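Student:
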Amino acid sequence: SAVISQKPSRDICQRGTSLTIQCQVDSQVTMMFWYRQQPGQSLTLIATANQGSEATYESGFVIDKFPISRPNLTFSTLTVSNMSPEDSSIYLCSVEGGTDTQYFGPGTRLTVL
Amino acid sequence: GENVEQHPSTLSVQEGDSAVIKCTYSDSASNYFPWYKQELGKRPQLIIDIRSNVGEKKDQRIAVTLNKTAKHFSLHITETQPEDSAVYFCAASIPAAGNKLTFGGGTRVLVKP
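Sequence lines, in order, name chains A and B.
If you read the first sequence in my numbering, its first letter stands for residue 1, the second for the next number, and so on.
If you read the second sequence in my numbering, its first letter stands for residue 114, the second for the next number, and so on.
See below:
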């Protein structure tokens, strides 16, 4: 399976600021996704990061709050904008590794004060 | 959209006993059902998956069954070991429609030695 890395691994941010999370894969992948895992909860899909076009957002998530870039087939970023304490979560990228399987990055643990 | 329900939310078993986790899904078009294991502070790890053209799949001590008519699928872990203690998530997707995973709420499994 692909090797997936995320930066930063964790951060503590002040409310009202923004944080950009990077996801890097060691091989070209067609599908990349961003998920949120709130404390003690399950995973929720934020958006599908499309290479060369705008991301596709799920209900409840908007581009102004979670802008996503996908400049090539190995890299994507998720920005959490104008943060509030409710944005404190683990943010995970995933990639499709062939045969429909998805593999997750190590996650970015975000705390907003 | 798809809704996945998972039961139980917590499960405590004696080492060596079996553990069963059940999930139901709402969208009859879903045809890919992965299971993930997430240890504390770690990323979700794919442990087994099943597609709708298969009724059962086994991998050593782990098995998954699927009943398409009833729209439910289950994870079976036999001869449980302390290292099986983790949170387990089921998920459902339609690979041909973007392969967006919808997760169940998770089951916290504790294997007591």
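All residues carry an ideal CB built from backbone N, CA and C; glycine is no exception.
The structure displayed is predicted, hence computed values, not measured ones.
#1: Under 6 Å Cβ to Cβ from Gln127 of chain B, same chain only, skipping five residues before and after it: list those, please.
#2: With 16 other CB atoms within 10 Å as the buried threshold, where does Ser94 of chain A fall?
#3: Under the DSSP definition of a beta bridge, which residues are partnered with Val80 of chain A?
#4: By the 10 Å Cβ neighbour count, where 16 or more other Cβ atoms means buried, how is Ile163 of chain B classified, buried or exposed?
#5: Step through the CB atoms of chain B and report whether any lies within less than 8 Å of the CB of Phe61 of chain A.
#6: Going by the beta-carbon positions, is the gap between Gln22 of chain A and Gln6 of chain A smaller than 8 Å?
#7: Comparing C-alpha positions only, which one of A:Val112, A:Gly97, A:Thr108 sits nearest to Asp26 of chain A?
#8: Can you tell me whether DSSP reads Pro121 of chain B as helix, strand or coil?
#9: Just how far apart, CA to CA, sit Met83 of chain A and Lys213 of chain B?
#10: Are the Cβ atoms of Glu169 of chain B and Thr178 of chain B separated by less than 8 Å?
#11: Between the stretch 211-222 of chain B and chain A, which residues of the former have a C-beta closer than 8 Å to a C-beta of the latter?
#12: Please list the partners that Tyr103 of chain A has in chain B, where partner means a Cβ-to-Cβ separation under 7 Å.
#13: Quick one: measure Cβ to Cβ for Ile74 of chain B and Lys150 of chain B, integer angstroms, because I've assumed they're closer than 8 Å.
#14: Quick one: is Phe202 of chain B near chain A, going by C-beta distance under 8 Å?
#15: Show which residues of chain A have a CB atom less than 9 Å away from the CB atom of Asp172 of chain B.
#16: So the beta strand (DSSP E) Arg109 of chain A belongs to, where does it begin and stop?
#17: Taking Cβ positions only, does Thr17 of chain A come closer than 8 Å to chain B?
#18: Would you mind reading off the limits of the beta strand (DSSP E) that contains Lys213 of chain B?
#19: So Trp34 of chain A and Leu78 of chain A are in contact, right, with Cβ under 8 Å, and what is the actual spacing, rounded?
#20: Could you spell out the range, first to last residue, of the beta strand (DSSP E) harbouring Glu86 of chain A?
Tutor: Working from what's here:
#1: Excluding five sequence positions before and after Gln127 of chain B, the CB atoms of its chain that fall closer than 6 Å to its own CB belong to Lys225, given in chain order.
#2: Buried, since its Cβ has 16 or more Cβ neighbours within 10 Å.
#3: Residue pairing from DSSP places Val80 of chain A in a beta bridge opposite A:Leu19.
#4: Buried is the call here.
#5: Chain B, which has no Cβ nearer than 8 Å to the Cβ of Phe61 of chain A, makes this no.
#6: Yes. Within cutoff.
#7: The residue from A:Val112, A:Gly97, A:Thr108 with its alpha-carbon nearest to that of Asp26 of chain A is A:Gly97.
#8: Three-state DSSP puts Pro121 of chain B in coil, outside helix and strand.
#9: C-alpha of Met83 of chain A to C-alpha of Lys213 of chain B: approximately 25 Å in a straight line.
#10: Yes, they are a contact pair.
#11: Residues Gly211, Asn212, Lys213, Leu214, Thr215, Phe216, Gly217, Gly218, Gly219.
#12: In chain order: Leu159.
#13: Here chain B comprises residues numbered 114 to 226, so residue 74 of chain B is not present and cannot be evaluated.
#14: For Phe202 of chain B, the closest Cβ of chain A is nearer than 8 Å.
#15: Result: empty, since nearest Cβ-Cβ is about 13 Å, beyond 9 Å.
#16: In the DSSP assignment, Arg109 of chain A falls within the unbroken beta strand (DSSP E) covering 108-112.
#17: Taking Cβ atoms only, chain B never reaches closer than 8 Å to Thr17 of chain A, which makes this a no.
#18: Neither: Lys213 of chain B is in no beta strand (DSSP E) and is coded neither H nor E.
#19: Going by Cβ atoms, the distance from Trp34 of chain A to Leu78 of chain A rounds to 5 Å, so yes, they are a contact pair.
#20: Here Glu86 of chain A belongs to no beta strand (DSSP E), and DSSP marks it neither H nor E.
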